[in-house]
Amino acid sequence: MLKTDAAACWKLTLQRAEGSSLDNLTHTLFGLTLARTALGRAGRGTTAALVVASNAPDVDIVATASGALSYLRWHRGPTHGPIGLIGLGLATASLVWLWYDGSARLKSRRLQARTRSVSEKQEHAPSKHGPPDRDVGSRSQPSFSLLAVVSMIGVLMHVLMDLPTSYGTRPLSPFDWHWYATDWMPVVDIYLLIALAAGLAMGRTTPGVRRHMALIVLILMAANYGMRAVAHHEALALAPRLFGPTLPQRCAPSVPTARIIDRWPRSAPPAWTAPSGHRCLVEIAAIPTFLSPFRWRVLAQMSNAYEIRDMNVLDPRLRDPASDVSWRVRVRYPNLWTPAVERAATTRLGQVFLGFSRFPAARWTVDGNGITTVRWDDLRFTGAALAADQPLRPPSLFTAMVRVDAAGRVIEERLGR
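See the structure below:
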């Protein structure tokens with residue numbers, strides 16, 4: 005039984021709104037910044053089109069109306085893919101075009117009404133106003149084709165800004181439902197927010213100053229992304245030093261290490277083995293932190309567990325051959341796949357959650373009645389491990405629970421913490 009009651013869905017909607025408010029603020033400020041570049045010269049309505057289009061892909065939040073699991077299934081899906089790029093771009097252009105068309109028609113009717121009023125009062129005097137201006141609406145109307153191009157650029161930039169984050173996106177859906185991410189940026193980068201807001205605040209004088217400040221902000225953004233990309237590469241290179249002699253040999257097969265863009269879920273089941281028969285290393289990932297571009301959360305996926313350590317790439321001990329750094333300090337999360345866990349993975353909740361989660365740590369317990377409780381936590385975002393039988397907290401996108409009875413029947417499924 006999948007629990008998705010109205011109260012739980014509403015709580016999840018509020019959590020999504022709260023968690024994405026700064027994210028959407030970033031997209032909005034970036035859209036306003038783009039409007040101050042050469043794109044802003046495309047004509048009337050470009051600023052509105054860029055702001056709306058920069059947030060349009062997140063319209064997938066409407067899927068919450070069908071339940072928390074429905075939202076997780078469609079989250080950053082087709083609205084972030086090729087169909088969304090074209091469809092949302094055209095929809096945004098249509099909305100802006102209709103708004104300006106309606107405004108122009110309203111102004112035209114008001115002008116005609118004033119003209120008739122003056123004509124009636126001066127019916128015996130020569131008219132100074134002439135016939136009504138029938139071209140007011142057409143002169144005020146922006147170009148739909150230009151609005152469509154600008155809107156598609158806004159949607160595309162939204163997707164490209166989601167890709168470098170540790171959250172990732174599905175830029176090829178619905179043709180390919182895999183998630184892609186580079187792990188360079190946190191979901192919300194406060195330094196990017198500050199740069200965008202400062203550029204808009206300091207560029208409120210003349211059009212020339214606005215364009216100049218927009219260019220400076222874009223250069224700072226590129227430098228920020230570049231710095232984080234270099235720091236991410238350095239974190240992965242130094243990760244073996246962080247784990248020291250506790251790091252096992254790589255599994256066969258393992259995830260390639262030389263990759264810029266990560267892709268998940270993997271088609272192969274979690275059945276990695278080492279030639280020696282002992283535990284082995286599947287992959288190492290470096291997840292960005294919120295405050296510093298030099299501090300990373302390094303996650304090593306083993307064949308039977310995850311190990312997590314924090315790293316500062318500027319720490320000189322990581323480059324000192326005589327230092328053991330801090331490899332003895334670790335946080336370990338078990339990841340044990342039993343027949344009960346594999347059965348839970350075939351449920352609707354299991355398939356959707358495992359399709360979303362990049363590092364799902366599986367844990368399970370069996371009570372006195374033979375009921376197995378299986379829990380997955382996405383270790384990118386969960387702050388601490390919970391016992392598999394611990395009561396669930398309010399709904400969350402990053403934890404899932406399935407209960408299976410002794411006969412293998414699923415008796416409960418739900419998102420939660």
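When we follow my numbering, the leftmost residue of the sequence shown carries the number 5, and every step to the right adds one.
Cβ coordinates follow ideal geometry from the N, Cα and C atoms, glycine included.
None of these values were measured; they are calculated from a predicted model.
message: Since Leu-33 and Leu-200 should fall inside the 8 Å C-beta cutoff, what is the C-beta to C-beta distance between them, to a whole number of angstroms?
response: 4 Å
message: Taking the straight line between their C-alpha atoms, what separation do you get for Arg-270 and Leu-89?
response: 26 Å
- request: Assign Trp-103 to one of two classes, buried (16 or more other C-beta atoms within 10 Å of its C-beta) or exposed (fewer than that).
  value: exposed
- prompt: Taking the alpha-carbon positions, what's the Thr-376 to Ala-309 distance?
  reply: 20 Å
task: Between the Cα of Leu-383 and those of Tyr-171, Arg-114, Arg-254, spot the shortest distance and give me the residue it belongs to.
output: Tyr-171
message: Taking the alpha carbon of Pro-252 as the reference point, which residue from Ala-404, Leu-43, Ala-366, Glu-287 has its own alpha carbon closest?
response: Glu-287
- request: Check whether the stretch 186 to 198 touches the stretch 285 to 300, taking contact to mean three or more Cβ pairs, one atom from each stretch, closer than 8 Å.
  value: yes
task: For Arg-113, count neighbouring Cβ atoms within 10 angstroms of its own Cβ and tell me buried if that reaches 16, exposed if not.
output: exposed
message: With three or more C-beta pairs closer than 8 Å as the rule, is the stretch 172 to 185 touching the stretch 65 to 75?
response: no
- request: Give every residue of the same chain whose Cβ lies closer than 7 Å to the Cβ of Ser-58, excluding the five residues on either side of it in the sequence, and list them in chain order.
  value: His-31, Thr-32, Phe-34, Gly-35, Gly-158, Met-161, His-162
message: Quick check on DSSP: helix, strand or coil for Ile-87?
response: helix
message: Taking 8 Å as the threshold (C-beta atoms), are Ala-410 and Gly-374 in contact?
response: yes
field: Strand pairing of Leu-419, partner residues [DSSP]
entry: Ala-404
message: Let me make sure I understand the geometry here. Which of Ala-53, Phe-402, Arg-418, Phe-385 has the alpha-carbon closest to that of Ser-155?
response: Ala-53
- prompt: Once you ignore the five residues that flank Gly-47 on each side, which residues in its own chain have a CB closer than 6 Å to its CB?
  reply: Pro-146, Ser-147, Leu-150
field: Span separating the alpha-carbon of Val-345 from that of Gly-81
entry: 26 Å
- request: Please name the residue, chosen from Gly-85, Thr-351, Gly-49, that lies closest to Thr-96 on a Cα-to-Cα basis.
  value: Gly-49
task: Just confirm the distance between the C-beta atoms of Asp-238 and Val-302, as a whole number of angstroms; I'd bet it's less than 8 Å.
output: Per the sequence presented here, residue 238 reads as Glu, with Asp not at that position. No, Glu-238 and Val-302 are not in contact; Cβ-Cβ is about 11 Å, not under 8 Å.
field: Sub-8 Å separation of Leu-242 and Arg-313 beta-carbons
entry: no
- prompt: Which first and last residues belong to the beta strand (DSSP E) in which Arg-299 is found?
  reply: 299 to 306
query: Contact check, Thr-2 vs Arg-379 under 8 Å by CB: the rounded distance?
result: Since the first residue shown for the chain is 5 and the last is 421, residue 2 is missing from the structure and cannot be characterised.
message: If the criterion is Cβ atoms closer than 8 Å, does the pair Thr-37 and Gly-203 meet it?
response: yes
Where Asn-316 sits in the DSSP three-state scheme: strand
- request: Please report the residue range of the beta strand (DSSP E) in which Thr-376 lies.
  value: 376 to 382
message: Rounded to whole angstroms, what is the Cα-Cα separation between Thr-51 and Ser-98?
response: 14 Å
- request: Provide the residue span of the beta strand (DSSP E) that contains Leu-285, from first to last.
  value: 285 to 292
Sequence-distant residues of its chain with Cβ nearer than 6 Å to Pro-178 (five each side left out): Pro-82
- prompt: CA-CA distance, Arg-45 and Leu-164?
  reply: 23 Å
field: DSSP beta-bridge partners of Glu-311
entry: Ala-304, Arg-336
- prompt: Could you check where the alpha helix (DSSP H) with Trp-78 kicks off and where it finishes?
  reply: 72 to 78
query: Alpha carbon to alpha carbon, how far is Asp-105 from Thr-210?
result: 28 Å
field: Integer-rounded CB distance, given that Phe-298 should sit under 8 Å from Ala-235
entry: 6 Å
Cα-Cα separation, Leu-92 to Arg-215: 27 Å
message: Can you tell me where the beta strand (DSSP E) holding Ala-239 begins and where it ends?
response: From DSSP, Ala-239 is part of no beta strand (DSSP E) but of the alpha helix (DSSP H) over 211 to 247.
Rounded separation between Ala-391 and Gly-420 - CA only: Here Ala-391 scores only 45 on pLDDT, less than 50, and its place in the model should not be relied on; the value that follows carries that caveat. Whole-angstrom Cα-Cα distance: 13 Å.
- prompt: What residues in its chain sit with their C-beta under 6 Å from that of Val-213, if we drop five residues either side in the sequence?
  reply: Gly-207
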